[in-house]
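Taking it in order: structure first as structure tokens, then the write-up.
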Amino acid sequence: MKKAISIIATLLWIIIAPAQGRFDWVQSWTGSPVSGSHENQIVSTVVDSEGNVYALGTFSAGGHFGNTEILPSAAGTQTHVVVAKFSANGELLWHKAVSNQRLGGRAHSMSIIGDTSIVCMTTFTLPSSNASLYFWDSTFRDRSAFIGNTQFMLGLGNCFIYFDKDGNMKKQHFLQLALVDSTGHIMSRGDFQGYEPLMNIIADGSLSRDLFNVDKYGNIYLCRQAYDIFTYDDGRTLSVQDGTIAALKIYVDGQPTHTIYPDQRYNKWNHIVMKFSPDFDSLYWSHYIFKADSNYNTHILGTSYVTSINIDNDDNFYITLNCSQARDSIINKANIPLNKSDSLFFHFRHSELWHGCMIAFNQSQEPIYIRKLTYGDTSCTTSHSHSFFSTAIDEESCSIFLLGKATFGDRFNSIPSAQFSIGGDSLDLRYNAFWCRLDKTTGRLLSYGKARSDVLTTISGSAGGASGICTLTNLVVHNNRVISEVHYQRDISFLDTTIMMASTDWGLGMMMWDYDGNEIGYVDFQSNSPTNLCGSMLLQDSVLYLAGTLTSDADLGEHHIYGSGAGRAFVAKYVDTAFMHPYVRPDLREPQSIIWNQDLNFSLADSPVTLTATSTSGLPVSYSSSDTSIARIDGSTLHLLAGGSCTILATCPDNDYYQPAAPVSKTLTVGQSGIADISSAALIQLYPNPTTGKIRVIGESVMVSEIQVLDLHGRLIAVFEKTDKFDLSAIPAGVYFVRIKSKLDGSTLERVTFHKLIKK
């Protein structure tokens with residue numbers, strides 16, 4: 005049961021989704037079930053300047069978009085790669101297929117270069133002699149571009165496809181990886197007398213975990229899992245450590261083009277980042293992320309998965325990866341060092357199922373900082389996971405945003421001190437999908453937000469754990485907005501409302517926060533399935549393009565999607581003109597104002613003056629002077645120092661209950677009425693000046709009635725009456741103003757003179 009009462013559901017929608025956005029169109033397609041519920045999914049989208057959308061996805065045989073077949077009939081029983089272009093109105097303009105009759109392939113990611121060229125990366129399994137590779141809507145039979153799968157230890161490769169906006173292929177490059185022994189021989193499976201590597205080793209040792217990104221020059225950053233140690237079923241190993249692996253050879257279009265000679269011991273847990281020229285004819289550098297460490301072989305179970313690569317405007321790059329559970333409690337003492345650094349480490353904990361980690365690098369591949377999502381209570385030994393999935397850079401605020409999730413065993417809730425932290429900063433997370441915002445220069449935590457649920461929220465299509473691994477760019481940040489799709493179980497809280505779900509229900513929707521983590525709005529997709537999958541997102545001006553995979557029906561605005569057991573992939577266009585402008589959080593505090601009816605026309609003889617402004621909230625009013633040579637302010641006391649005019653500004657700050665008051669300014673005029681010409685101040689002197697303490701007022705026929713000593717802020721320090729001598733021995737050294745009221749002998753007109761005094 006989704007929502008119990010339709011009227012309540014409508015009211016909830018109004019309360020929790022205040023955004024004025026709308027879904028202009030939603031397009032979806034599916035294929036026949038093969039082995040699971042996620043054969044059909046969009047993994048990446050890009051948009052051009054005309055608003056056309058290009059979608060890269062993986063689909064099963066029999067895939068259709070409406071009545072349009074998107075895979076050839078001979079596609080077989082595996083999943084295959086499809087690229088499609090939609091107009092700004094949602095019309096399917098063209099589609100291209102990359103498929104293998106028997107073994108299939110997998111889509112990874114896609115980037116647009118300028119506004120003319122698009123590049124996508126796919127992983128393909130090399131076809132045998134009796135199978136064809138359907139490539140870009142044609143049968144691809146030229147095998148000179150790659151080498152058969154029986155000739156390599158690693159049986160998969162990558163294909164980079166460049167095409168124009170009309171779907172015409174501009175070029176393609178096939179990348180394959182080979183292992184080289186000390187004699188320079190390329191290792192094949194037949195070299196080991198019939199002994200086969202363990203199958204899971206071969207699968208994980210492929211290029212299938214690669215991700216890439218393109219910098220502003222078109223150079224390719226490729227990150228791959230560095231699985232450089234292999235265990236055989238007779239106990240033998242191949243590794244850099246024992247010398248049976250001497251180098252890694254990169255084949256480009258069937259030719260051995262680049263060679264990497266590891267200078268350390270590596271294994272399956274590490275990652276290597278490579279920077280290629282746009283046509284892969286140059287390998288500018290290759291960089292292993294982690295140094296050699298004895299804990300690799302003994303205490304690390306499974307592998308690590310890179311989930312995002314981002315490159316900023318200064319060519320710094322940022323990599324997130326998730327690492328699997330430690331093998332035993334000894335790993336609690338292990339710090340895995342980062343390559344090219346003597347001070348940065350990756351720390352493992354025994355009870356963590358997955359470890360989320362983000363590392364920032366400069367142009368020289370040196371790590372700037374590492375930020376790991378850490379569970380902070382060592383008394384909890386129940387397995388739990390915390391992972392990063394996607395990142396986004398906001399250059400304007402110099403921030404990098406990390407999207408992730410945190411899940412635990414049931415024992416977590418019984419530990420009051422249990423918490424997560426990033427770089428020592430605590431995050432209040434339980435079973436939450438979340439994002440955190442870091443200063444991209446220092447890695448300091450600036451803010452974070454979360455999808456609140458007492459049971460589970462995630463940004464993948466799975467309930468959690470290792471199966472939550474996801475490499476989709478499911479995060480958009482711009483104009484003080486953070487937007488992500490979220491999958492949740494049971495009730496979810498957002499703003500001041502809870503979306504009521506049945507105990508077995510799963511929801512799917514889109515959430516929005518500001519950069520400080522305050523919740524802005526939520527759009528519910530009205531779908532209920534534990535296997536729904538969040539997809540990619542991108543924002544252009546006022547248009548948000550989002551994708552996902554549904555195994556149950558859903559409603560995106562007025563558009564209904566029928567779910568599919570194999571997963572129905574969708575792309576939707578969501579328009580909100582508010583996206584064009586920075587989000588300003590509504591201020592719900594009470595307003596206040598300043599009341600000030602005082603006239604500010606005085607003579608020097610009137611000093612000091614008490615300022616009388618008040619606020620309607622009762623909060624204190626502060627003042628400032630635009631010219632401190634005419635008037636200085638101490639609290640609410642105005643000290644008049646010289647004739648002339650200046651502006652006095654009254655302000656009242658905000659607090660938790662009141663907004664800041666609008667400032668009020670008044671013109672202060674200080675005149676000479678009733679006072680002698682102050683040019684006669686030249687007849688009066690302070691002696692000695694500078695002084696160590698005792699001062700005398702010197703002047704012909706002068707009768708002193710009052711001496712005031714003020715500091716540079718106009719605060720009254722001391723007063724002396726009817727004397728021409730005074731002592732400042734007790735005050736600190738510094739610069740002071742002395743205000744002297746005096747009369748000339750035989751005159752009834754009082755004059756005020758000011759003097760600068762230096763106390764040593």
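Numbering (our numbering), first residue to last: 5 to 764.
Cβ atoms here follow ideal geometry from the backbone N, Cα and C, with glycine treated the same way.
- Phe-438 is bridged by DSSP to Gly-408, Lys-454.
- Two segments are said to touch when three or more pairs of C-beta atoms, one from each, lie closer than 8 Å; by this definition the region 610 to 622 does not touch the region 581 to 593.
- Beta-bridge partners of Arg-589 (DSSP): none assigned.
- The three-state reading of DSSP puts Leu-60 in strand, counting E and B together.
- In the structure shown, Phe-583 falls within a helical segment according to DSSP collapsed to helix, strand and coil.
- Separation of the CB atoms of Ala-573 and Gln-45 is rounded to 5 Å, and the pair is thereby assigned contact status at 8 Å.
- Secondary structure of Ala-609 (DSSP, three-state): helix.
- In this structure, the straight-line span from the alpha carbon of Asn-317 to that of Ile-117 is close to 15 Å.
- Counting along the chain, the unbroken beta strand (DSSP E) around Tyr-740 starts and ends at 738 to 748.
- Going by beta carbons, Asn-223 and Pro-282 fall inside the 8 Å limit.
- Exposed is the label assigned to Pro-736, since fewer than 16 other Cβ atoms lie within 10 Å of its Cβ.
- Nearest C-alpha to Ser-633 among Tyr-322, Asp-715, Asp-731: Asp-715.
- Taking C-beta atoms as the reference points, Lys-376 and Leu-342 fail to come closer than 8 Å.
- Leaving aside the five residues that flank Leu-449 on each side, the residues in its chain whose CB is nearer than 7 Å to its CB run, in chain order, Ile-426, Gly-427, Asp-429, Cys-440, Leu-442.
- With contact defined as three or more Cβ pairs closer than 8 Å, the region 697 to 709 and the region 743 to 759 are in contact.
- Bridge partners of Gly-360 according to DSSP: Asn-326.
- Residue Ser-115 holds the alpha-carbon nearest to the alpha-carbon of Tyr-221 among Pro-260, Ser-115, Leu-179, Gln-259.
- Among the bridge pairs identified by DSSP, Pro-657 is matched with none.
- With fewer than 16 other beta carbons inside 10 angstroms of its own, Ala-734 counts as exposed.
- Around the beta-carbon of Trp-289, fewer than 16 other beta-carbon atoms lie within 10 Å, marking it exposed.
- As far as DSSP is concerned, Lys-220 takes part in no beta bridge.
- Taken through DSSP and simplified to helix, strand or coil, Pro-624 comes out as coil.
- Per DSSP, Pro-534 lies in no beta strand (DSSP E) and is assigned neither H nor E.
- Here the C-alpha atom of Met-515 lies approximately 39 Å from the C-alpha atom of His-177.
- The alpha carbon of Gln-602 has as its nearest neighbour, out of Leu-554, His-585, Leu-672, the alpha carbon of Leu-672.
- Under DSSP, the beta-bridge partners assigned to Thr-72 are Phe-69.
- With at least 16 other beta carbons inside 10 angstroms of its own, Ile-249 counts as buried.
- Counting of Cβ neighbours within 10 angstroms places Glu-523 among the buried residues, the total reaching 16 or more.
- At a Cβ-Cβ threshold of 8 Å, Val-47 and Ser-113 count as neighbours.
- As the crow flies, the alpha-carbon of Asn-605 is around 26 Å from that of Ala-722.
- The beta carbon of Lys-174 is closer than 8 Å to those of Ser-121, Tyr-166, Phe-167, Asp-168 in its chain, skipping five residues each way along the sequence.
- Here the region 554 to 564 makes no contact with the region 579 to 586; the two share fewer than three CB pairs at distances below 8 Å.
- As a beta-bridge residue in DSSP terms, Asn-314 pairs with Tyr-322.
- When the beta-carbon positions are compared, Tyr-225 and Ile-313 come within less than 8 Å of each other.
- Under the DSSP assignment, Asp-429 falls in the beta strand (DSSP E) whose first and last residues are 429 to 431.
- Contact annotation: the region 607 to 615 touches the region 639 to 652, with at least three C-beta pairs closer than 8 Å.
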